[in-house]
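Trainee: Here it is: the structure, laid out below.
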Amino acid sequence: VSTTRHPRKLALDPAVVRRARTLARQAGRPIVALARTHTTVSVERAVLRLAGVSGADPDGIALPVWDALLTGGHSDLTELAQKAATGGVEFRIPEGRDAARATRAASRQVGAGIRTIDRRRQERERMIRRIGDAPRTPWIYLIVATGDIYEDIPQAQAAAREGADVIAVIRSTGQSLLDYVPEGATREGYAGAYATQENFRLMRAALDDVSRELGRYVRLTNYASGLCMPEIATLAGLERLDMMLNDSMYGILFRDINPVRTFVDQRFSRQIHARAGIIINTGEDNYLTTADAVDEAHTVTVSQLLNEFFAKEAGLENWQLGLGHAFEINPEVPDSFRLELAHALLARQLFPDAPLKWMPPTKHMTGDVFRGYLLDGFFNLVGALTGQGILLVGMMTEAVVTPFLSDRDLALQNVRYVLDAAGKLHEDFHPAPNGFINRRANQVLGEAVDLLERITAEPGDTALLSAIADGTFGLMKRPADAGKGFDGVVEHAPGYVNPATDILEGGKPR
Amino acid sequence: MTEKTIIRPYGDTTGDGMVQMSFTLPVPHDKVSEGAALQLAAKMGMDPALLVHAKAMGPDYSFFIVYGQVNHLVDLSAVQVVEREFPLLSAKEVNTAIKRRLRRKLVVLGACIGTDAHTVGIDAILNIKGFAGEKGLEYYREIKVVNLGAQVLVPELVAAARAEKADAVLVSQVVTQRDAHLTNTREMSAAFREAYPSARTPLLVVGGPRFDASATADLGVDRIFGRGTTPGEVASYLVHALTSRSDG
Chain C
4 VSTTRHPRKL
14 ALDPAVVRRA
24 RTLARQAGRP
34 IVALARTHTT
44 VSVERAVLRL
54 AGVSGADPDG
64 IALPVWDALL
74 TGGHSDLTEL
84 AQKAATGGVE
94 FRIPEGRDAA
104 RATRAASRQV
114 GAGIRTIDRR
124 RQERERMIRR
134 IGDAPRTPWI
144 YLIVATGDIY
154 EDIPQAQAAA
164 REGADVIAVI
174 RSTGQSLLDY
184 VPEGATREGY
194 AGAYATQENF
204 RLMRAALDDV
214 SRELGRYVRL
224 TNYASGLCMP
234 EIATLAGLER
244 LDMMLNDSMY
254 GILFRDINPV
264 RTFVDQRFSR
274 QIHARAGIII
284 NTGEDNYLTT
294 ADAVDEAHTV
304 TVSQLLNEFF
314 AKEAGLENWQ
324 LGLGHAFEIN
334 PEVPDSFRLE
344 LAHALLARQL
354 FPDAPLKWMP
364 PTKHMTGDVF
374 RGYLLDGFFN
384 LVGALTGQGI
394 LLVGMMTEAV
404 VTPFLSDRDL
414 ALQNVRYVLD
424 AAGKLHEDFH
434 PAPNGFINRR
444 ANQVLGEAVD
454 LLERITAEPG
464 DTALLSAIAD
474 GTFGLMKRPA
484 DAGKGFDGVV
494 EHAPGYVNPA
504 TDILEGGKPR
Chain V
962 MTEKTIIRPY
972 GDTTGDGMVQ
982 MSFTLPVPHD
992 KVSEGAALQL
1002 AAKMGMDPAL
1012 LVHAKAMGPD
1022 YSFFIVYGQV
1032 NHLVDLSAVQ
1042 VVEREFPLLS
1052 AKEVNTAIKR
1062 RLRRKLVVLG
1072 ACIGTDAHTV
1082 GIDAILNIKG
1092 FAGEKGLEYY
1102 REIKVVNLGA
1112 QVLVPELVAA
1122 ARAEKADAVL
1132 VSQVVTQRDA
1142 HLTNTREMSA
1152 AFREAYPSAR
1162 TPLLVVGGPR
1172 FDASATADLG
1182 VDRIFGRGTT
1192 PGEVASYLVH
1202 ALTSRSDG
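Residue numbers (our numbering), protein chains in the order written: chain C, 4 to 513; chain V, 962 to 1209.
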């Protein structure tokens, strides 16, 4: 997205901003330590995918797998995986010289997978140079959600022709709780298509075609979330997806996935995204769909700060941080538009180099499509006024039906009108130093610091886990030893090797 | 004056029958497509129909807005609705009624079942924050709320209902693709019938924007709530249903 730094429009106390970041780091560090000493079944499967395994769902762990491969006379990993699935392979934990041999073999094969991810990244950069990039920011982000990849493709191409810069293929709602990634092209899904390697490949190829036709590279988005987050991130890297939804706490709070599982999976998937040049989109908008967008505005800021910390720690750069926020204040609240402006500007100024992701109203879309169209117009105006990087196109049929073709066309007309008419209005827009917007932004920042103080004051080594267990976020209580996928979390044994993490943290070979 | 039972839509004059409609046809925008749009309007009973807007949407589709007069009459006396069968109570009245009749807290278990991840409905009813200016059931002193959240499996729901000794189970369903909301609801009610002796099942209540409120028997539930239902209505219903149950 744009690498230009956005001018400062709010008078925020730099000491308070520094304090907020220090606290986020304090809250995040013990979680990183936890992630560095644990692995999960999904991380291990992601490593095997990097090494070229497909079509199997083994509970494999790298070393014993390569040990079995080297000593068992299997022709390749996929064959080994197939045999393992039928119970025909005995795994052992190799020691001494066997362990070293297994480590070398694992690193070689996993390294090949990471080199493929590197090539995909170079391919993207080359295509953008040759074909051209999105003409302006915010990038226009549109969703396709038929559940059938072969229906999604023409819809995605049509959306690109109508002006979309980013296409998101909505995922089947059930997938977040599947502890394996389905295989092949899929035509059946509830409210979205399954994330599979083949679906990724098909859609990226279709968008490459339309990118060449339109003379601008059209980006593709999917979801690295749920129980298979690390594997899906890996597949996204291998198939040159460009953006991935990847929030540090979403799965914990909204899918009741075990907190430790989520944080371990998060770190690995973010390391993959960093390497693949993928822009992550975080999910702060979700807080505001369950909690009140005025009272709980500061929870968005807190989550953005935590997401920033975890992202940077995993190697992501500022241009890859599509931190989320949303236009969800009840339009009946007096000054709701000014409040929205204050919140959006606060995010813009706290993260001046990040391409923020601006999410449209959903909670207060009532079915009155005419009123909803106006609300979306105001949403677009905030996006233009506050320099948002990625703008998810709001639909006036939100909460009514899956958007009609005409709904999407009208929604895009709305975006284009606002951007053409007021896209540069931010040049003239300077909130009064002591005015309503400045005061509100400072208030939200202050509340965010207060909340971070409370989180870091929680008992235990990992205060953030205690805070999550207490229901600090979105009123949902999620204890660290409960939730889905907990049985797939394992503490590293002595001598544990993850060849992928070693390469990703070592930074070679690019 | 007797009440009117035959009415027509109102544009700006009583009895003018004016409506507006918009739709897309899968043909390129040209004179033929505009004629096709008017033909559709006529077949839908709009006469005269005025094509006020027509626009190409890509090379293969056209969008139309039509205003016109419909020739249909609506007979109010033939309209059937599910009328509220219980009195609306205030939070205080709900608490008092529970205390007096149950002599313990009323236990409500809530969840989104199946693959549905949209908790907005159940949260609006249960969370303290509430909906439409009314506080959610968590706010009621005499109601114990257990909200299991999204994507709860039916066996988990039944087990939780037993463990909590739930008086009522509230299930919200938003996703309706391939009638998932109906399938899930039937599966849920069947599981409760199987797990509990008859007449001992908790009150089964479903809510969502796409349910037919009169389909309770078909879905095997006690009550269906639709779009716009407030926590106060649900609380009033629970008190009505549970206290009349314990009477009988």
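All C-beta atoms in this analysis are idealised placements derived from N, C-alpha and C, irrespective of residue type, glycine included.
For ASP505(C), I'd like the list of residues in its chain whose CB is within less than 6 Å of its CB, leaving aside the five on either flank, ordered along the chain.
Mentor: Translated into the one-based positions of the first sequence, residue 505(C) becomes position 502. No residues qualify anywhere along the chain.
Trainee: Looking only at its own chain, which residues have a Cβ that is under 7 Å from the Cβ of ARG1102(V), when we skip the five neighbours before and after it?
Mentor: Taking the second sequence and counting its residues from 1, one reaches residue 1102(V) at position 141. The residues are ASN1056.
Trainee: Just to confirm the assignment: which complete beta strand (DSSP E) runs, minimum length 3, are found wholly within the stretch 1104-1144 of chain V?
Mentor: You should have 1104-1108 and 1129-1133.
Trainee: Nearest CA to the CA of ALA1010(V): which residue from ALA1121(V), GLN1134(V), VAL1069(V) and MET982(V)?
Mentor: Mapped onto the second sequence, residue 1010(V) falls at position 49. Considering only alpha carbons, the answer is MET982(V).
Trainee: Looking only at its own chain, which residues have a Cβ that is under 8 Å from the Cβ of LEU217(C), when we skip the five neighbours before and after it?
Mentor: Along the first sequence, read from residue 1 onward, the residue named residue 217(C) stands at position 214. Cβ within range, chain order: ALA163 and ARG164.
Trainee: With DSSP as the reference, label ALA329(C) as helix, strand or coil.
Mentor: Against the first sequence, residue 329(C) aligns to sequence position 326. Three-state result, ALA329(C): strand.
Trainee: Please give me, in chain order, every unbroken run of the alpha helix (DSSP H) with length at least 4 that falls completely inside the stretch 1001-1031 of chain V.
Mentor: With a minimum length of 4 residues, no continuous alpha helix (DSSP H) run stays inside the stretch 1001-1031 of chain V.
Trainee: Could I get the ranges of all uninterrupted beta strand (DSSP E) runs contained in the stretch 421-501 of chain C, with 3 residues as the minimum, in chain order?
Mentor: Counting whole runs of 3 or more residues, the stretch 421-501 of chain C contains the beta strand (DSSP E) stretches 492-494.
Trainee: The beta strand (DSSP E) with HIS41(C) in it runs from where to where?
Mentor: Translated into positions along the first sequence, residue 41(C) becomes position 38. HIS41(C) -> beta strand (DSSP E) spans 41-43.
Trainee: Grouping DSSP H, G and I as helix and E and B as strand, with all else coil, what is ALA148(C)?
Mentor: One-based indexing of the first sequence puts residue 148(C) at position 145. Of the three classes helix, strand and coil, the one that applies to ALA148(C) here is coil, per DSSP.
Trainee: Among GLY1029(V), ARG1171(V), VAL988(V) and GLU1044(V), which residue has its Cα nearest to the Cα of ASP1140(V)?
Mentor: Residue mapping note: residue 1140(V) aligns to position 179 of the second sequence, counting from 1. Measuring from the Cα of ASP1140(V), the nearest candidate turns out to be ARG1171(V).
Trainee: Closer than 9 Å by beta-carbon distance: list the chain C residues that pair up with THR1080(V), in chain order.
Mentor: The count along the second sequence starts at 1 and reaches residue 1080(V) at position 119. Those within 9 Å of THR1080(V) in chain C are PHE257, THR292 and THR293.
Trainee: Interface residues of chain C around SER951(V) at Cβ under 8 Å?
Mentor: The requested residue 951(V) is not part of the displayed model; chain V covers only 962 to 1209.
Trainee: Using only the alpha-carbon positions, how far apart do ASN281(C) and LEU394(C) sit?
Mentor: For the purposes of this step, residue 281(C) is taken as the residue at position 278 of the first sequence. For the purposes of this step, residue 394(C) is taken as the residue at position 391 of the first sequence. Here residue 281(C) turns out to be Ile, not Asn, going by the sequence shown. When rounded, the distance between both Cα atoms is 17 Å.
Trainee: What residues of chain V sit near MET479(C), judged by a beta carbon separation below 9 Å?
Mentor: The sequence position of residue 479(C) within the first sequence is 476, counting from 1. Within 9 Å Cβ-Cβ: ASN1108 and GLY1110.
Trainee: In chain order, what residues of the stretch 1009-1024 of chain V put their CB closer than 7 Å to some CB of chain C?
Mentor: From the stretch 1009-1024 of chain V, only MET1018, GLY1019, TYR1022 and PHE1024 have a Cβ closer than 7 Å to chain C.
Trainee: Kindly indicate which residue of ILE1074(V), HIS1079(V) and LEU1070(V) has the alpha-carbon position closest to the one of LEU1087(V).
Mentor: Stepping through the second sequence from its first residue, residue 1087(V) is reached at position 126. Checking every option, the nearest Cα to that of LEU1087(V) belongs to LEU1070(V).
Trainee: Could you name the residues of chain V that ARG164(C) contacts, counting a contact when the two beta carbons are closer than 7 Å?
Mentor: Start at 1 with the first residue of the first sequence, and residue 164(C) comes out as number 161. Here the neighbours are GLY1019.
Trainee: Which of the residues in the stretch 131-163 of chain C, read from start to end, lie with their CB under 7 Å from any CB of chain V?
Mentor: The residues in question are GLY150 and ALA161.
Trainee: Whole angstroms are fine: how far does the CA of PRO502(C) sit from the CA of LEU115(C)?
Mentor: Translated into positions along the first sequence, residue 115(C) becomes position 112. Translated into positions along the first sequence, residue 502(C) becomes position 499. It should be pointed out that residue 115(C) corresponds to Ala in this sequence rather than to Leu. Between ALA115(C) and PRO502(C), the C-alpha separation is close to 11 Å.
Trainee: Just how far apart, CA to CA, sit ALA485(C) and ARG258(C)?
Mentor: As a first step, residue 485(C) is located in the first sequence; it is residue number 482 there, counting from the start. As a first step, residue 258(C) is located in the first sequence; it is residue number 255 there, counting from the start. Whole-angstrom Cα-Cα distance: 12 Å.
Trainee: I'd like to know whether the C-beta atoms of SER251(C) and ASN310(C) end up nearer to each other than 7 Å.
Mentor: Position 248 of the first sequence, counted from the start, is the residue given in the question as residue 251(C). Position 307 of the first sequence, counted from the start, is the residue given in the question as residue 310(C). Yes, they are a contact pair.
Trainee: Which value, in whole angstroms, describes the spacing of the CA atoms of GLN1114(V) and ILE1185(V)?
Mentor: As a working note, residue 1114(V) is residue 153 in the second sequence. As a working note, residue 1185(V) is residue 224 in the second sequence. Correcting the residue type first, residue 1114(V) is Leu in the shown sequence and not Gln. Their Cα atoms are separated by approximately 20 Å.
Trainee: Below 8 Å, can you find three or more Cβ-Cβ pairs linking the stretch 383-391 of chain C to the stretch 409-425 of chain C?
Mentor: Touching, per the Cβ criterion.
Trainee: Going straight from the alpha carbon of ARG107(C) to that of LEU53(C), what length do you get?
Mentor: What you label residue 107(C) is simply residue 104 of the first sequence in a count that begins at 1. What you label residue 53(C) is simply residue 50 of the first sequence in a count that begins at 1. Approximately 15 Å between the Cα atoms of the pair.
Trainee: Measure the CB-CB distance between VAL1013(V) and VAL980(V) and report whether it falls below 7 Å.
Mentor: The count along the second sequence starts at 1 and reaches residue 1013(V) at position 52. The count along the second sequence starts at 1 and reaches residue 980(V) at position 19. Their beta carbons are not under 7 Å apart, which means VAL1013(V) does not touch VAL980(V) by this criterion.
Trainee: Using only the alpha-carbon positions, how far apart do GLU320(C) and SER1150(V) sit?
Mentor: Your numbering for residue 320(C) matches position 317 in the first sequence. Your numbering for residue 1150(V) matches position 189 in the second sequence. Approximately 50 Å, taken between the alpha carbons.
Trainee: Three-state secondary structure (DSSP) at PRO970(V)?
Mentor: Taking the first residue of the second sequence as 1, we reach residue 970(V) at position 9. DSSP places PRO970(V) in coil when its eight states are reduced to three.
Trainee: Say whether the stretch 456-468 of chain C touches the stretch 361-376 of chain C, bearing in mind that this needs 3 or more beta-carbon pairs closer than 8 Å, one atom from each stretch.
Mentor: Touching, no.
Trainee: Just the chain V side, please: which residues come within less than 9 Å of ASP412(C) by C-beta, in chain order?
Mentor: The count along the first sequence starts at 1 and reaches residue 412(C) at position 409. In chain order: THR985, LYS1016, MET1018, GLY1019, TYR1022 and PHE1024.
Trainee: At which residues does the beta strand (DSSP E) containing THR224(C) begin and terminate?
Mentor: Counted from its first residue, the first sequence places residue 224(C) at position 221. Per DSSP, THR224(C) belongs to the beta strand (DSSP E) from 222-226.
Trainee: With 7 Å set as the bound, which would you pick, yes or no: does the beta-carbon of ASP1140(V) sit closer than that to a beta-carbon of chain C?
Mentor: Within the second sequence, residue 1140(V) is the residue found at index 179, counting from 1. It does not: the Cβ of ASP1140(V) has no partner Cβ on chain C nearer than 7 Å.
Trainee: Under the rule that 16 or more other beta-carbon atoms within 10 Å means buried, what is LYS12(C), buried or exposed?
Mentor: Taking the first sequence and counting its residues from 1, the one referred to as residue 12(C) is at position 9. It counts as buried.
Trainee: Using the beta-carbon count (16 or more within 10 Å), is GLY240(C) buried or exposed?
Mentor: Looking up residue 240(C) in the first sequence gives position 237. It counts as buried.
Trainee: For the stretch 262-269 of chain C and the stretch 333-347 of chain C, state whether three or more C-beta atom pairs, one from each stretch, are separated by less than 8 Å.
Mentor: Touching, no, given that fewer than three Cβ pairs across the two stretches are closer than 8 Å.
Trainee: With DSSP run on the structure shown, which of helix, strand or coil describes LYS994(V)?
Mentor: Start at 1 with the first residue of the second sequence, and residue 994(V) comes out as number 33. Inspection of the sequence shows that residue 994(V) is occupied by Ser rather than by Lys. Of the three classes helix, strand and coil, the one that applies to SER994(V) here is helix, per DSSP.
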